[in-house]
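106 is the number that full-length UniProt numbering gives to position 106 of the sequence shown; each next residue is one higher, with no gaps.
Have a look at the structure below, then the notes.
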Amino acid sequence: MNSRSILSHGPQLAFLRPSLPTISSIAPRCFSTSSPASNWLLPKQGEKKKSPKGRPKMHTGGSTRGTTVVWGDYGLRLKDHDRRISSGQLKIGFEAVQRRLRGMDYQFFPRVSANIGVYTSGNEMRMGKGKGKFDYWAARVSVSRIVFEVKGEIHEQVAKEAFRLAAAKMPGQYEFVRKGDPPVIGVTKLKDGVTLESLKRVRRDAPLPRPAVTGSTATEVKP
């Protein structure tokens, strides 16, 4: 084989030559097997269209979801009325708990997320909807919904004081609950003999009316 034939077969024999690793082959992998940390005060993706004002969901079919402490030992529950809480207000409440429990071994669990966009319009604008611009993120919180949970090596009175400070900085009235407390349907707690079946079938469990007593059937009992 002459030199001309070797040059002609150069590209075909290129894979036999040793080569140094390129930058692309030794670069680290750009992905991770763990899920990214989510922010409960800011959604991962923005809204594709404007969200109407709406109202928080009210469970009328007997659902008690979100009314009990699940992950933590103590919780903060909204008790007065459903409302829309902004991400700034939720952050202030979280910072109040964080400030009171500073230096302690605990875990904080938010049970709501600010994923609803709120749009506001300027002054002197005509009537109608759909003209406002994005203002802030908010969460729709229904009545008897757990907002915050705390778990760790903390005393009950300390957790109650931390939630009291957080409730004072957020709109609405709240109550302190423990893990194992009865669930709530609407504003009715399932305790003291109140069951889900009794709430669903009120008319069936009601006692029958007594027949009226007439003069002919009435009897007098004299001492």
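Every residue gets a Cβ at the ideal spot worked out from N, C-alpha and C, and that includes glycine.
| request: Assign Thr120 to one of two classes, buried (16 or more other C-beta atoms within 10 Å of its C-beta) or exposed (fewer than that). | output: exposed
| Simplified DSSP assignment, three categories, for Ile146 | strand
| Can you tell me the Cα-Cα spacing of Thr68 and Val213, whole angstroms? | 49 Å
| query | Measuring CB to CB, does Ile154 end up less than 8 Å from Ala138? | reply | no
| query | What is the C-beta distance between Lys79 and Ser144, in whole angstroms, given that I count them as a contact (C-beta under 8 Å)? | reply | 6 Å
| said: Considering only the alpha carbon of each residue, which of Ala96, Ser51, Leu196 lies closest to Lys169? | reply: Ala96
| message | Taking a contact to mean a Cβ-Cβ separation below 8 Å, would you say Asp82 touches Pro110 in this structure? | response | no
| message | Among Pro43, Trp40, Lys49, Gly103, whose alpha-carbon lies nearest the alpha-carbon of Lys131? | response | Lys49
| message | By the DSSP assignment, the alpha helix (DSSP H) with Val97 in it spans what residues? | response | 87-100
| Three-state secondary structure (DSSP) at Leu196? | helix
| C-alpha distance - Gly128 paired with Lys191, whole-angstrom precision | 47 Å
| request: Measure the CB-CB distance between Ala166 and Gly93 and report whether it falls below 8 Å. | output: yes
| task | Please state whether DSSP places Val177 in a helix, a strand or coil. | result | strand
| task | Measure the alpha-carbon distance for Gly186 versus Gly193 and round it to whole angstroms. | result | 17 Å
| Could you give the distance in angstroms between the alpha-carbon of Phe176 and the alpha-carbon of Pro211? | 47 Å
| task | Measure the Cβ-Cβ separation of Arg84 and Val147 and say whether it is below 8 Å. | result | no
| query | For Val150, does the count of other Cβ atoms within 10 angstroms reach 16, so buried, or fall short, so exposed? | reply | buried
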